[in-house]
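*Asks:* Here's a structure for you.
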Amino acid sequence: MSVPGSRAVALVAIALVAPAASRAEGPALSLTVSGGVSLGAYQAGFLYYVLAAAQRNPGRTPPLKIATGASAGSVNSLLSLRYACGDLPEDPLASLFARTWLPVGYRELFRPKEVHALGVFSREALRSTASQVGEEIEAGLAAGCDLLLGIAVTRVTPRQRPLAKGRTTIPRTVEKFALRIEGLGPGRRPRITNFLEPDTSDEQPALPEGPDGTVSFEDVRDLLLASAAFPVAFAPKAVRHCNVVTLGRAPPFCPAGEATSADFIDGGVFDNDPLLLAARLASVGLEAGAAQTAPAACPGNERPLPPGVEFAFVSADAKSYPDPAGEPASKEPESLISLLLGEVGTFVETARAKELDTLLTEYPSVGEGLAYPQRHLPAASEPMAAFFGFFERDFREFDFALGMYEGRRYLVRYAIPRIEARSPGRALDLPGEGGRGASRPWRELACLRAVADGAGDPADRCAGEDLAQFRALLQTSLDRLWNDCRTAPPREVATYRACDPVLGGKPEPRVPGVARAARPRDDAESSTAYVVRLLSHYGFDWRDMGYGRASARDAMVGLHRDLARAGRALAQAQPSLASRTGVGAAADVGVDLFYYLPPSNAVWALFGRGLELGGGASVVDTAWLRLGGAVKLQSLYAALSSDSSPVSILPLAGVEFVPASLGSPIFQASFLARGGYLFRLGGGDSCSGEAGATIGGCSRPEVEGGGAVALAQLLRVQLVFEWYPPARGAPGLWAIVPSMGIQVGF
24 MSVPGSRAVA LVAIALVAPA ASRAEGPALS LTVSGGVSLG AYQAGFLYYV LAAAQRNPGR
84 TPPLKIATGA SAGSVNSLLS LRYACGDLPE DPLASLFART WLPVGYRELF RPKEVHALGV
144 FSREALRSTA SQVGEEIEAG LAAGCDLLLG IAVTRVTPRQ RPLAKGRTTI PRTVEKFALR
204 IEGLGPGRRP RITNFLEPDT SDEQPALPEG PDGTVSFEDV RDLLLASAAF PVAFAPKAVR
264 HCNVVTLGRA PPFCPAGEAT SADFIDGGVF DNDPLLLAAR LASVGLEAGA AQTAPAACPG
324 NERPLPPGVE FAFVSADAKS YPDPAGEPAS KEPESLISLL LGEVGTFVET ARAKELDTLL
384 TEYPSVGEGL AYPQRHLPAA SEPMAAFFGF FERDFREFDF ALGMYEGRRY LVRYAIPRIE
444 ARSPGRALDL PGEGGRGASR PWRELACLRA VADGAGDPAD RCAGEDLAQF RALLQTSLDR
504 LWNDCRTAPP REVATYRACD PVLGGKPEPR VPGVARAARP RDDAESSTAY VVRLLSHYGF
564 DWRDMGYGRA SARDAMVGLH RDLARAGRAL AQAQPSLASR TGVGAAADVG VDLFYYLPPS
624 NAVWALFGRG LELGGGASVV DTAWLRLGGA VKLQSLYAAL SSDSSPVSIL PLAGVEFVPA
684 SLGSPIFQAS FLARGGYLFR LGGGDSCSGE AGATIGGCSR PEVEGGGAVA LAQLLRVQLV
744 FEWYPPARGA PGLWAIVPSM GIQVGF
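Per my numbering, the sequence shown starts with residue 24, numbered consecutively.
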């Protein structure tokens with residue numbers, strides 16, 4: 024799972040278009056799966072379908088020998104290797120792809136009592152899923168199944184790599200672990216070993232080894248969890264390992280007793296697309312398309328790729344439709360802040376693309392022949408940098424079916440024509456063609472094909488109450504596609520094939536059983552707010568989050584409050600007051616950037632004519648009206664000096680109107696109406712003479728009104744008009760009181 028700009032889904036389908044000459048020489052397939060946060064479900068559906076197609080057509084595809092991945096892609100890489108040698112269930116829901124991705128959502132990940140100072144989510148659900156994967160793999164793989172797995176991770180603390188014969192060092196953050204998995208037959212645990220280049224002085228990372236050189240799945244699991252530990256969401260994961268120099272040594276290279284532990288995070292931070300790792304594994308580990316019994320020695324990167332190796336990769340950002348949220352800004356920076364923010368974004372993207380740039384330099388043939396398919400319909404998980412899919416299982420189920428659809432589309436439109444041209448009369452058998460099987464993913468695929476491609480009657484293929492959520496999500500996806508194609512600049516739209524029907528004037532497809540068309544996206548509407556509004560319009564039921572068939576506003580308010588709750592839990596887990604305050608403020612701003620709501624409660628301390636301690640709490644479903652009050656200590660400075668002004672205390676009660684329309688994550692205006700009774704402290708309490716003409720000179724009622732501005736929910740600036748009505752013979756008095764201090768909203 025990776026941060027914004029992440030990439031997803033590896034392409035197995037290229038296996039079906041390998042040239043005949045490569046197959047004759049013993050071709051092999053190298054698969055790279057990149058990070059995608061909750062789009063891991065889309066990856067899973069894509070990979071399931073093309074692997075199921077390959078399993079139905081034995082001998083027509085080169086064998087999968089290498090899989091590399093980062094973040095969520097590391098998990099899907101391992102799952103792909105699990106089924107590389109067969110045994111893929113015909114029911115998609117019985118596969119590890121579905122069992123890994125569909126059950127894990129926000130409610131399973133966010134456990135308030137398990138929040139860590141370095142990550143808001145619990146790993147327990149992922150650990151449980153990983154155990155299921157381990158149990159199935161250790162139940163046995165087909166004998167002769169010989170595979171290579173590469174996993175990218177990022178060190179929290181860089182290790183220092185010696186340079187100039189140890190006279191200096193350079194920091195190394197990204198680590199690439201490589202493992203060999205050998206099937207020994209059903210009922211026998213596969214042999215898992217480190218895959219290391221022999222006789223080299225360059226340090227290579229290795230997992231702990233037993234006396235026989237094998238690696239336990241528990242250590243592999245920890246490595247996978249570390250690769251998927253995207254920052255803020257998950258705390259860093261400790262991984263036991265060695266940094267191995269193989270020159271002059273024999274295995275085991277990393278005895279368990281010599282392994283040390285270090286913290287790692289998401290492998291996609293700096294290398295979300297580990298294609299270069301795949302090329303290097305192929306260059307040292309494949310010979311004529313078959314995994315060698317030992318890697319071949321080679322100086323550096325000078326070993327060429329063996330013939331017939333095909334490399335497969337596709338990105339979740341590779342879409343055949345415009346993405347307004349992802350379009351780069353072409354405007355020149357106008358301020359230092361915009362310049363610095365732009366440079367930070369450019370640095371991150373450049374750092375993550377460094378490995379791909381190196382790949383194109385060292386192995387240009389890989390880049391030239393790389394398959395790079397595109398998605399033709401928006402995925403449900405796309406909003407919020409692909410985090411959105413964690414909120415509802417229905418989102419992930421839709422994306423799983425969409426992945427199956429895109430896998431089938433690629434096979435039918437690109438792969439099968441080439442195969443059948445080489446082998447006339449031998450049509451490929453594609454899975455799930457009936458579309459009315461017992462497993463719902465096949466029915467969802469049939470519904471999607473009927474609506475999007477005209478393959479069958481949509482009213483028949485999309486019927487059933489169990490597809491009600493899917494129908495709402497499918498219509499939402501179609502609305503998004505038509506909206507984005509219509510609103511993007513014509514020059515950009517012309518490059519997107521998915522926009523051809525829109526440009527051709529075709530009407531937007533309507534899914535049977537959904538409401539009338541929703542209004543188009545507003546200019547000021549965020550992509551997430553637009554999606555939530557569409558879902559509400561089409562009657563989507565937020566079952567996992569507990570919002571029911573909420574209105575768009577109520578759903579956004581619910582998401583805001585759930586995210587704010589997670590942010591507060593993360594802040595409370597911090598070890599010091601300073602870090603709790605800083606993390607809390609950052610979390611509040613981040614949640615408000617998603618969808619702004621004034622805080623339901625607030626407390627403050629202000630300094631003006633004296634000291635004011637106040638607060639308010641919302642009494643309705645939203646925070647536009649707070650009941651509360653304050654206590655003012657008037658002329659407090661007089662108690663600390665020779666000033667004879669009387670010190671008084673003024674308790675107040677009233678209301679605070681906090682209009683969301685006048686607020687933002689940085690700025691929030693509010694209006695006050697309060698009243699109370701001022702008590703003079705010490706001395707007499709007569710309101711006659713000079714005492715009655717001095718504020719605080721005698722006890723009396725007070726009313727006030729005014730306004731305040733909260734900046735980032737940390738700084739409060741307030742201005743009120745105080746009125747002291749005539750009382751006990753004293754004249755009416757007034758004051759304009761500015762004050763400033765701190766405010767905490769929650």
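Idealized CB from N, CA, C, for every residue including glycine.
Using a Cβ-Cβ cut-off of 6 Å (strictly less than) and excluding sequence neighbours within five positions of I689, which residues of its own chain qualify?
*Replies:* A735
*Asks:* Less than 8 Å separating the Cβ of A609 from some heavy atom of the ligand MG?
*Replies:* Summarising the ligand content, the structure contains no ligands, and the ligand MG is consequently not present.
*Asks:* Give the straight-line distance between the Cα atoms of A424 and P387, rounded to the nearest whole angstrom.
*Replies:* 34 Å
*Asks:* Of the choices A758, P669, S559, whose alpha-carbon is the least far from that of S658?
*Replies:* The shortest C-alpha separation from S658 is found at P669.
*Asks:* Beta-carbon separation of S94 and V60 under 9 Å?
*Replies:* yes
*Asks:* For the candidate residues F744, P598, R195, L737, whose alpha-carbon lies nearest to that of P784?
*Replies:* The shown model of the chain, from 24 to 769, leaves out residue 784, and the question about it has no answer.
*Asks:* Could you compute how far the alpha carbon of R542 sits from the alpha carbon of E548?
*Replies:* 12 Å
*Asks:* Examine the Cβ distances between the region 197 to 212 and the region 156 to 174 and report whether three or more of them are shorter than 8 Å.
*Replies:* Flag = yes, the region 197 to 212 and the region 156 to 174 touch.
*Asks:* Can you tell me whether D452 is helix, strand or coil according to DSSP?
*Replies:* coil
*Asks:* On a CA-only basis, which of G479, R751, C485, G638 is nearest R466? Give me that one, please.
*Replies:* Minimum Cα distance to R466 is reached at C485.
*Asks:* Just the Cα atoms here: how many angstroms apart are G569 and R416?
*Replies:* Annotation: G569 to R416 spans about 12 Å, alpha carbon to alpha carbon.
*Asks:* By how many angstroms is the C-alpha of A692 removed from the C-alpha of L620?
*Replies:* 12 Å
*Asks:* Report the rounded CA-to-CA distance for L304 versus K342, giving the unit in angstroms.
*Replies:* 29 Å
*Asks:* Can you find the residues in the same chain that come closer than 8 Å, C-beta to C-beta, to G571, ignoring five residues on each side of it along the sequence?
*Replies:* D564, W565
*Asks:* Can you name the residues that DSSP bridges to Y747?
*Replies:* L756
*Asks:* Provide the residue span of the alpha helix (DSSP H) that contains Q691, from first to last.
*Replies:* According to the DSSP assignment, Q691 belongs to no alpha helix (DSSP H) but to the beta strand (DSSP E) extending over 690 to 703.
*Asks:* Whose C-beta lies closer than 8 Å to the C-beta of A317 among residues of the same chain, with five residues either side of it excluded?
*Replies:* With a pLDDT of only 43 at A317, under the threshold of 50, the placement of this residue in the model should not be trusted; the figure read from the coordinates follows. Around A317: P221.
*Asks:* Which full runs of the beta strand (DSSP E) of 3+ residues lie inside the region 125 to 213, going along the chain?
*Replies:* 169 to 186, 191 to 205
*Asks:* The alpha helix (DSSP H) that contains H560, what's its start and end?
*Replies:* In this chain, the alpha helix (DSSP H) harbouring H560 covers 550 to 560.
*Asks:* When DSSP labels each residue in this structure, what does C265 get in the three-state scheme?
*Replies:* strand
*Asks:* Hey, how far is the Cα of F630 from the Cα of L738?
*Replies:* 12 Å
*Asks:* Considering Cα atoms alone, identify which of G291, G720, G652, L701 is closest to F694.
*Replies:* G652
*Asks:* Using the Cα positions of C522 and S338, report the straight-line distance between them to the nearest angstrom.
*Replies:* Those two C-alpha atoms are separated by around 19 Å.
*Asks:* Would you call the region 124 to 131 in contact with the region 405 to 419, where contact means no fewer than 3 C-beta pairs closer than 8 Å?
*Replies:* yes
*Asks:* Curious, which full-length beta strand (DSSP E) runs of at least 3 residues does the region 211 to 286 contain?
*Replies:* Whole beta strand (DSSP E) segments, 3+ residues: 214 to 217, 227 to 229, 260 to 267.
*Asks:* When DSSP labels each residue in this structure, what does Q741 get in the three-state scheme?
*Replies:* strand
*Asks:* According to DSSP, simplified to helix, strand and coil, what is A402?
*Replies:* If DSSP states are grouped into helix, strand and coil, A402 belongs with coil.
*Asks:* Suppose contacts are defined by Cβ-Cβ distances below 9 Å. Is A279 in contact with R263 by that definition?
*Replies:* yes
*Asks:* For A592, which of L270, V389, R134, A175 has the nearest alpha-carbon?
*Replies:* R134
*Asks:* If the criterion is Cβ atoms closer than 9 Å, does the pair R575 and Y561 meet it?
*Replies:* First, the residue type needs correcting, since residue 575 is Ala and not Arg in the sequence shown. Not a contact, by the Cβ cut-off of 9 Å.
*Asks:* Output yes or no for whether 9 Å exceeds the beta carbon distance between M427 and Y71.
*Replies:* yes
*Asks:* Name, in chain order, the residues that DSSP records as bridge partners for S671.
*Replies:* Q657, R703
*Asks:* Shortest alpha-carbon distance to T177 belongs to which of K260, A187, T196?
*Replies:* T177 has its Cα closest to that of T196, out of K260, A187, T196.
*Asks:* On the CB-based measure, 16 or more other CB atoms within 10 Å of its CB, does S711 come out buried or exposed?
*Replies:* By the 10 Å Cβ count, S711 comes out exposed.
*Asks:* So A640 is in the alpha helix (DSSP H); what residue range does that whole segment cover?
*Replies:* Unbroken run through A640 is the beta strand (DSSP E), 633 to 641; no alpha helix (DSSP H).
*Asks:* Given a cut-off of 9 Å, decide if E420 and A64 are closer than it, judged by their beta-carbon atoms.
*Replies:* yes
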